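K.L.:
Mind having a look at this structure? Questions to follow.
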Amino acid sequence: MKLLVTGGAGFIGSAVVRQAIARGHHVVNLDALTYAACLDNVASVSDSPLYAFEHVDIRDRAALDTVFEKHKPDAVMHLAAESHVDRSIDGPSDFVETNITGTFHMLEAARAYWTKSGKPDTFRFHHISTDEVFGSLPNDPEQLFTEDTSYDPRSPYSASKAASDHLVRAWHETYGLPVVLTNCSNNYGPFHFPEKLIPVVILNALAGKELPIYGDGSNIRDWLYVEDHADALLLVVDKGELGRSYNVGGENERTNLELVQTLCKILDEKRPKSSGSYADQITFVTDRPGHDARYAIDPKRLRDELGWRPSVTVEQGLEKTVQWYLDNETWWRALQNRSGVGARLGTG
Ligand SMILES: NC(=O)c1ccc[n+]([C@@H]2O[C@H](COP(=O)([O-])OP(=O)(O)OC[C@H]3O[C@@H](n4cnc5c(N)ncnc54)[C@H](O)[C@@H]3O)[C@@H](O)[C@H]2O)c1
Numbered sequence: 001m002k003l004l005v006t007g008g009a010g011f012i013g014s015a016v017v018r019q020a021i022a023r024g025h026h027v028v029n030l031d032a033l034t035y036a037a038c039l040d041n042v043a044s045v046s047d048s049p050l051y052a053f054e055h056v057d058i059r060d061r062a063a064l065d066t067v068f069e070k071h072k073p074d075a076v077m078h079l080a081a082e083s084h085v086d087r088s089i090d091g092p093s094d095f096v097e098t099n100i101t102g103t104f105h106m107l108e109a110a111r112a113y114w115t116k117s118g119k120p121d122t123f124r125f126h127h128i129s130t131d132e133v134f135g136s137l138p139n140d141p142e143q144l145f146t147e148d149t150s151y152d153p154r155s156p157y158s159a160s161k162a163a164s165d166h167l168v169r170a171w172h173e174t175y176g177l178p179v180v181l182t183n184c185s186n187n188y189g190p191f192h193f194p195e196k197l198i199p200v201v202i203l204n205a206l207a208g209k210e211l212p213i214y215g216d217g218s219n220i221r222d223w224l225y226v227e228d229h230a231d232a233l234l235l236v237v238d239k240g241e242l243g244r245s246y247n248v249g250g251e252n253e254r255t256n257l258e259l260v261q262t263l264c265k266i267l268d269e270k271r272p273k274s275s276g277s278y279a280d281q282i283t284f285v286t287d288r289p290g291h292d293a294r295y296a297i298d299p300k301r302l303r304d305e306l307g308w309r310p311s312v313t314v315e316q317g318l319e320k321t322v323q324w325y326l327d328n329e330t331w332w333r334a335l336q337n338r339s340g341v342g343a344r345l346g347t348g
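Numbering (the UniProt record's numbering), first residue to last: 1 to 348.
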């Protein structure tokens, strides 16, 4: 299969690119290389004859048309987005422009190409989205996000992703574009940009800095190892039913405080401090405005219909992640100089 992957120089997109090439797919990585991108994330596959890179912004319709004509993909996996909630609070316009307008241009370019190709049933436009579109759950284990949960986004980021999901469904209903959608919980793992919670905690811990926890640390997230997400995405683009959406999650709910304490424990074992625990560096800071209390995914549809299972528990995945950051200092040091990294953003 020839896949056009947007956002393939980012965290999740690069995992998709690496796995797709390992499975023998041709991949065209289309990325505008924003502050969040790093081509080193795909360095392990960039010399492969299966790999091509297009430095293109998804808001540039003419450039998108050229890429479709040149590469003639069998499927699109659309991951390019502005992805950091805190940045969306400080600067929502980039989120509206890339996540909504950019997705609109992707849909129109894909539709033009698909129409010109004779509208093959086999073509797929796979839109990759987040569980944050569903809003916030109470702390009740019986309540989970399913594919039928109503949309209730509460941050500029999640609102822009929700809007893009609606556009994708509309292009299916109105124009018949063969789409599939996925909504995934919080990812973590290698190549996670050092402004997100898990890398911030690991890197601040190693630097002897405070480990900032928003509010009282009781917010609950459902964590999924990024390689397991990439595996689910490659399954859905191939086997997902047309027009259908699939929730992807690891059934690994943790409060932010529990998560940070687990990371400290792993670091205490792998890189012990001369005295005390990394947990001594935990500091509670002012909460994020509109901070959603709990996200929790019911991945039943993906599990029962397509047979997907995550390969690691959250403890195994976190252990691998910490080890990866310990082994890849050159990668993260270079990114720490980028604009906004290390600063407290999104205080409203
Ligand atoms: N990170 C998560 O936990 C998570 C969970 C569920 C869903 N998602 C979704 O998965 C996708 C990827 O997330 P991520 O964490 O890898 O993001 P990321 O911020 O690490 O990477 C985004 C990539 O998109 C590119 N990009 C941004 N704007 C672009 C534009 N206008 N044109 C072309 N490329 C552009 C960036 O250069 C970057 O390489 C996003 O759509 C996000 O909403 C993320």
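Just so you know, even glycine gets a beta-carbon here, dropped at the ideal spot from N, CA and C.
Here the structure is a predicted model, which means the values were calculated and not measured.
I'd like the list of long-range same chain contacts for G7, defined as Cβ closer than 7 Å, with 5 residues on each side in sequence excluded.
P.N.:
Within the same chain, G7 has close Cβ partners G13, D31, L79, A80, A81.
K.L.:
May I ask you to check if the CB of A81 is nearer than 7 Å to at least one heavy atom of ligand 1?
P.N.:
Indeed, a heavy atom of ligand 1 lies less than 7 Å from the Cβ.
K.L.:
Since residue 394 contacts H105 with CB under 8 Å, what's their CB separation in whole angstroms?
P.N.:
What is shown of the chain runs 1 to 348, which leaves residue 394 out entirely.
K.L.:
Leaving aside the five residues before and after Y175 along the sequence, list all residues of the same chain whose C-beta is less than 6 Å from its C-beta, in chain order.
P.N.:
Answer for Y175: R111, listed in chain order.
K.L.:
Which residue wins for smallest C-alpha separation from L3, given the options A9, G24, V28, A15?
P.N.:
Of the candidates A9, G24, V28, A15, the one whose C-alpha sits nearest the C-alpha of L3 is V28.
K.L.:
CA-CA distance, V67 and F125?
P.N.:
Distance between the alpha carbons of V67 and F125 is about 15 Å.
K.L.:
Taking the continuous alpha helix (DSSP H) assigned at A159, which residues delimit it?
P.N.:
A159 -> alpha helix (DSSP H) spans 156-175.
K.L.:
Any heavy atom of ligand 1 closer than 7 Å to the Cβ of K239?
P.N.:
No, the beta carbon of K239 sits no closer than 7 Å to any heavy atom of ligand 1.
K.L.:
Using the DSSP secondary-structure output, state which residues sit across from D31 in a beta bridge.
P.N.:
Looking at the DSSP assignment, D31 forms a beta bridge with H55.
K.L.:
Using a Cβ-Cβ cutoff of less than 7 Å, which residues in the same chain neighbour T130 once the five nearest sequence positions on both sides are dropped?
P.N.:
Counting only Cβ-Cβ distances below 7 Å, and skipping sequence neighbours, we find S158, K161, N183, C184.
K.L.:
For F284 versus I213, is the C-beta distance shorter than 8 Å?
P.N.:
Cβ atoms of F284 and I213: closer than 8 Å.
K.L.:
Taking just the CA atoms, how far does G276 sit from H166?
P.N.:
Using only the alpha carbons, I get a separation of about 50 Å.
K.L.:
Which class does E253 belong to by DSSP, given the choice of helix, strand or coil?
P.N.:
Strand, per DSSP.
K.L.:
Measuring straight from C-alpha to C-alpha, what distance separates V248 and D238?
P.N.:
The straight-line gap from Cα to Cα measures roughly 15 Å.
K.L.:
Quick one: give me the first and last residue of the beta strand (DSSP E) that S245 is part of.
P.N.:
S245 -> beta strand (DSSP E) spans 245-248.
K.L.:
Do the segment 91-104 and the segment 198-215 make contact, defined as three or more Cβ pairs closer than 8 Å?
P.N.:
In short, these stretches do not touch, since the Cβ pair count stays below three.
K.L.:
Give the C-beta separation of N252 and V314 to the nearest angstrom, bearing in mind that I take them to be a contact with Cβ-Cβ under 8 Å.
P.N.:
Right, their Cβ atoms sit about 4 Å apart.
K.L.:
Between the Cα of P73 and the Cα atoms of P120, L33, G135, which residue gives the shortest distance?
P.N.:
For the residues P120, L33, G135, the minimum Cα distance to P73 belongs to P120.
K.L.:
Given A163, which residues of its chain have a CB within under 6 Å of its CB, disregarding the five upstream and five downstream residues?
P.N.:
I100.
K.L.:
Suppose contacts are defined by Cβ-Cβ distances below 8 Å. Is R294 in contact with N139 by that definition?
P.N.:
Cβ atoms of R294 and N139: closer than 8 Å.
K.L.:
For D292, is the classification buried or exposed, using 16 other Cβ atoms within 10 angstroms of its Cβ as the cut-off for buried?
P.N.:
Buried.
K.L.:
May I ask whether a heavy atom of ligand 1 can be found less than 7 Å away from the beta carbon of A20?
P.N.:
Not under cutoff, so the answer is no.
K.L.:
Going along the chain, which unbroken runs of the alpha helix (DSSP H) with 4 or more residues stay wholly within the segment 277-344?
P.N.:
Complete alpha helix (DSSP H) runs here, min 4: 300-306, 314-327, 329-335.
K.L.:
Could you check where the beta strand (DSSP E) with Y214 kicks off and where it finishes?
P.N.:
Run containing Y214: 211-214, per the beta strand (DSSP E) assignment.
K.L.:
For S83 versus A36, is the C-beta spacing smaller than 8 Å?
P.N.:
Contact: yes.
K.L.:
Could you tell me whether any non-hydrogen atom of ligand 1 is closer than 7 Å to the CB of I58?
P.N.:
True, at least one ligand heavy atom lies under 7 Å from that Cβ.
K.L.:
Below 7 Å, is the gap between the Cβ of D90 and the nearest heavy atom of ligand 1?
P.N.:
D90: no, Cβ never under 7 Å from ligand 1.
K.L.:
Going by other Cβ atoms of all chains shown within 10 Å of its Cβ, with 16 needed for buried, is Q316 buried or exposed?
P.N.:
With fewer than 16 Cβ atoms within 10 Å of its Cβ, Q316 is classed as exposed.
K.L.:
Which residue marks the beginning of the alpha helix (DSSP H) containing T66, and which one marks its end?
P.N.:
Here the alpha helix (DSSP H) through T66 covers 61-71.
K.L.:
Is any heavy atom in ligand 1 found nearer than 7 Å to the beta carbon of I128?
P.N.:
Yes - ligand 1 has a heavy atom lying nearer than 7 Å to the Cβ of I128.
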